[in-house]
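What follows is a set of notes on a single structure, which appears directly below.
Chains as they are written, first to last, in our numbering: chain A, 953 to 1206; chain B, 266 to 931.
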């Protein structure tokens, strides 16, 4: 039986006369690694923003873990377990590595805080949050670097911290927005390994235009074209779909 | 006069004032639209135009006005270009806050220069005799000069529109406001255009000053009386929108004129009510296209934290020493008879608390509140009113002050925090001005006199100290009620600092710091950024109210000046001067500022000028504030070898770099 963690129904976003996302219906199964690909202008980024809550759809719904989240702002979706990573590494650069992760762990704390805890207790005095922070630092290979300011980290370690922050929010599902954009082949491999290492037990939705990368890592692929779902299936099935070849490879005949 | 012609005359009066506003707002809006600079000195450039014309026209007699109308704006334009080149230019790429501070300093400088050259009183600036006569049109007599203003203003506005939309110059500056780097890449020296734009905006303000100077008179306060309405117009019309400036200017001119005649109670209020209403409904203003120029700045607020080379223990020791010194001052003052120092310290403590409150929103939540004196003033009124009508206890009065201000902060925050950046600054300024104008209107606030002669009882339910009757002999001196007030104040201020520090170190504060670093990220790890900012604003409003309430209770009076926008500017200056985002920095800044003002004002006449120059230098060279000075000095190549050694271990890698230049000198 299917158990979709994320589902969109007739999701549509219009900017004036431009229909950026057109009637997209999507089911992402719990535990799968799904990719959303498409050429430039296919509506990938708009779809991503509709899923995170950065944009509101013109029509249609987004359901996450069985709950309609269409009208919820980003932070509410994150709190319900829908995390995201950033394309351009977006960490709190003036804070230490540990504090970056701790803030995310604090946000994800079970039961939140009482007013006295929230306003008057030292933020580093919560054992459960600290333990969670340590676990995440350990798992993402940053345990020894907790006291370093985030802005002095090397590029690769910043990506590592980026993923660690996402992990610390304890998401059921993570939306990855072109995590390897602008990277060399070597960096791309390292980043995908890191994602695999740290987030493999979560449901992942990768937004990507690099078709080779997507073929390698995905369980299933959804192809967007001009805002519509063109095809969906396993990498093999999608790569053999004539419509996809037509749209994606600009009509190059096989 | 018939009703119709009375209304027609009001319309004409409104258009006259409106034209002056159009010219002012157009310059302000162009400067903002192109360079993201919020120019508080625009009002002073306006006044400068009037005074230059006054000085030129006087000796020349009959034709003098016409010569002045051409020459004075050009001179103001040159002054504007000089200001841009020497000061404004150095701050491009930083947050608009720094331009606000810089131009606030320029206000003090220019204003002081005007009063020292032309005196403090208003002077008549006669309209040329050719224009100084009534003409009969539409069935009634109306001044030819006023018709002249309407025609001349329209022509100038049209000319400006043509310049912006039909010339190469206009095309380049409009392109530059969209994408500065792109224009530079095209091989255009955009910096030169910025200078010209600033000069052009200044010249327009100069023309407006001449026109209004001859309509009324010239006075040193003419700048500060138009700058706030001019801002309202720019915000109302849409920041950076020329059409908005024109429509907004005429509209505000008409509304003000009609309100004065037909609804005097609303005069001074209606404009701010309109601005708030427009911003709540359409945050971009009437003609603003997007959130626009105001929000694509890439500059960050520079806070002072991490800038010190002093360790946390050293700072704590300095803090204890400081509080210790503050504890013994009144005793020393009694012994030596220098009681005046206690009054000065009380002032400093109040401002330190006020600056601390601002730091919570400015330094931690990244919100530039341009109307923070709203809470200071309302706290003072609430405290005095409570003492008069409810309870003589200072405790009750302060609780009421804090509660009222926190509630107002919640309301203002609710309306404005979803609107970002510059709009938040403007809407807070709008609310502060609304309350400032409102207290003049009501009997219960004492109108323009304010409320005075209030005594506070330092206790509850009869148990406590009445400062009026308190006297304890201690050795050679007698401690009086003033000493009680002083220690109470000191305790509240130190307590507030400790509370603020606690908040910042708690989960709440850690989230605020994450918001300061990256709002987007904070929201995507699950924090409701808007809610956190709003809460910070509520705490800040409450603390500012406490500061105002304390001052009013201690001194037994409150006046409309507590709500004047100058206070909002000064408290921002103190916060940045000390180093925002550190809590203690702004308090230190308040101490230095109030002390400097006190010393300078007692020794030199041009103290405003001196303070203004100090700001300008500070904003340009030490934007992270006083608390960053030790590090700036330690990092400076000149001091590297001399001071650097001592700090080397703490400053780290930076100190390891030695400058060969310096080595050779040794």
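Beta carbons: idealized from backbone N, C-alpha and C, even for Gly.
Under 7 Å from the C-beta of residue i: neighbouring residues of chain A
| i | result |
| --- | --- |
| residue 793 (chain B) | 1027 |
| residue 767 (chain B) | 1072 |
| residue 782 (chain B) | 1044, 1045, 1046, 1047 |
Backbone CA spacing between residue i and residue j [nearest angstrom]
| i | j | result |
| --- | --- | --- |
| residue 211 (chain B) | residue 267 (chain B) | The structure shown has nothing for residue 211 (chain B), since chain B only spans 266 to 931. |
| residue 843 (chain B) | residue 623 (chain B) | 12 Å |
| residue 815 (chain B) | residue 644 (chain B) | 8 Å |
| residue 613 (chain B) | residue 860 (chain B) | 8 Å |
| residue 1094 (chain A) | residue 1169 (chain A) | 25 Å |
| residue 500 (chain B) | residue 691 (chain B) | 7 Å |
| residue 496 (chain B) | residue 516 (chain B) | 14 Å |
| residue 498 (chain B) | residue 665 (chain B) | 35 Å |
| residue 1108 (chain A) | residue 1139 (chain A) | 8 Å |
| residue 531 (chain B) | residue 278 (chain B) | 18 Å |
| residue 288 (chain B) | residue 402 (chain B) | 25 Å |
| residue 367 (chain B) | residue 681 (chain B) | 25 Å |
| residue 1045 (chain A) | residue 361 (chain B) | 22 Å |
| residue 1005 (chain A) | residue 462 (chain B) | 40 Å |
| residue 397 (chain B) | residue 886 (chain B) | 50 Å |
| residue 420 (chain B) | residue 1042 (chain A) | 50 Å |
| residue 630 (chain B) | residue 358 (chain B) | 20 Å |
| residue 683 (chain B) | residue 800 (chain B) | 13 Å |
| residue 828 (chain B) | residue 687 (chain B) | 21 Å |
| residue 874 (chain B) | residue 369 (chain B) | 12 Å |
| residue 1152 (chain A) | residue 1123 (chain A) | 12 Å |
| residue 1070 (chain A) | residue 1063 (chain A) | 12 Å |
| residue 1141 (chain A) | residue 508 (chain B) | 53 Å |
| residue 959 (chain A) | residue 985 (chain A) | 15 Å |
| residue 447 (chain B) | residue 299 (chain B) | 14 Å |
| residue 394 (chain B) | residue 327 (chain B) | 8 Å |
| residue 558 (chain B) | residue 478 (chain B) | Because the pLDDT at residue 558 (chain B) is just 37, under 50, the model does not fix this residue reliably, and the point stays unresolved. |
| residue 618 (chain B) | residue 813 (chain B) | 9 Å |
| residue 561 (chain B) | residue 650 (chain B) | Here residue 561 (chain B) scores only 39 on pLDDT, less than 50, and its place in the model is too uncertain to base an answer on. |
DSSP beta-bridge partners of residue i
| i | result |
| --- | --- |
| residue 910 (chain A) | Because residue 910 (chain A) is not part of the residues shown, which for chain A are 953 to 1206, the question remains open. |
| residue 1173 (chain A) | A:987, A:1185 |
| residue 1020 (chain A) | A:1015 |
| residue 618 (chain B) | Per DSSP, none; premise fails for residue 618 (chain B). |
| residue 388 (chain B) | B:483 |
| residue 1164 (chain A) | Its beta-bridge partners do not exist; DSSP assigns none. |
| residue 1125 (chain A) | A:1034, A:1155 |
| residue 1042 (chain A) | Residue 1042 (chain A) pairs with nothing; no bridge assigned. |
| residue 973 (chain A) | A:965 |
Beta-carbon spacing of residue i, residue j below 8 Å
| i | j | result |
| --- | --- | --- |
| residue 418 (chain B) | residue 428 (chain B) | no |
| residue 364 (chain B) | residue 353 (chain B) | yes |
| residue 731 (chain B) | residue 717 (chain B) | no |
| residue 598 (chain B) | residue 588 (chain B) | no |
| residue 591 (chain B) | residue 755 (chain B) | yes |
| residue 854 (chain B) | residue 620 (chain B) | yes |
| residue 1173 (chain A) | residue 987 (chain A) | yes |
| residue 636 (chain B) | residue 694 (chain B) | yes |
| residue 1181 (chain A) | residue 976 (chain A) | yes |
| residue 659 (chain B) | residue 818 (chain B) | yes |
| residue 776 (chain B) | residue 792 (chain B) | yes |
Amino acids of chain B, ordered along the chain, whose beta-carbon sits closer than 8 Å to that of residue i
| i | result |
| --- | --- |
| residue 1092 (chain A) | Near residue 1092 (chain A) there are no residues of chain B at all, since even the closest Cβ is about 15 Å away, more than 8 Å. |
| residue 1031 (chain A) | 791 |
| residue 1083 (chain A) | None at all; the shortest Cβ gap to chain B is about 16 Å. |
| residue 1069 (chain A) | 771, 772 |
Interface residues of chain A facing residue i [CB-CB closer than 8 Å]
| i | result |
| --- | --- |
| residue 786 (chain B) | 1038, 1042, 1043, 1044, 1117 |
| residue 775 (chain B) | 1051, 1054, 1055, 1058, 1075 |
Under 7 Å by beta carbon: chain B residues contacting residue i
| i | result |
| --- | --- |
| residue 1065 (chain A) | 772 |
Chain A contact residues for residue i, given Cβ-Cβ distances below 9 Å
| i | result |
| --- | --- |
| residue 802 (chain B) | Result: empty, since nearest Cβ-Cβ is about 15 Å, beyond 9 Å. |
| residue 867 (chain B) | Those within 9 Å of residue 867 (chain B) in chain A number zero; the least Cβ separation is about 41 Å. |
| residue 761 (chain B) | Neighbours of residue 761 (chain B) on chain A: none; closest Cβ ~14 Å, over 9 Å. |
Beta-carbon separation (whole angstroms), residue i vs residue j, contact threshold 8 Å
| i | j | result |
| --- | --- | --- |
| residue 1035 (chain A) | residue 1118 (chain A) | 5 Å |
| residue 291 (chain B) | residue 422 (chain B) | 7 Å |
Partner residues on chain B for residue i, Cβ-Cβ distance less than 9 Å
| i | result |
| --- | --- |
| residue 1240 (chain A) | Nothing in the structure corresponds to residue 1240 (chain A), since chain A is present only between 953 and 1206. |
Min CB distance residue i to chain C below 8 Å
| i | result |
| --- | --- |
| residue 521 (chain B) | No chain C appears in this structure, whose protein chains are A and B. |
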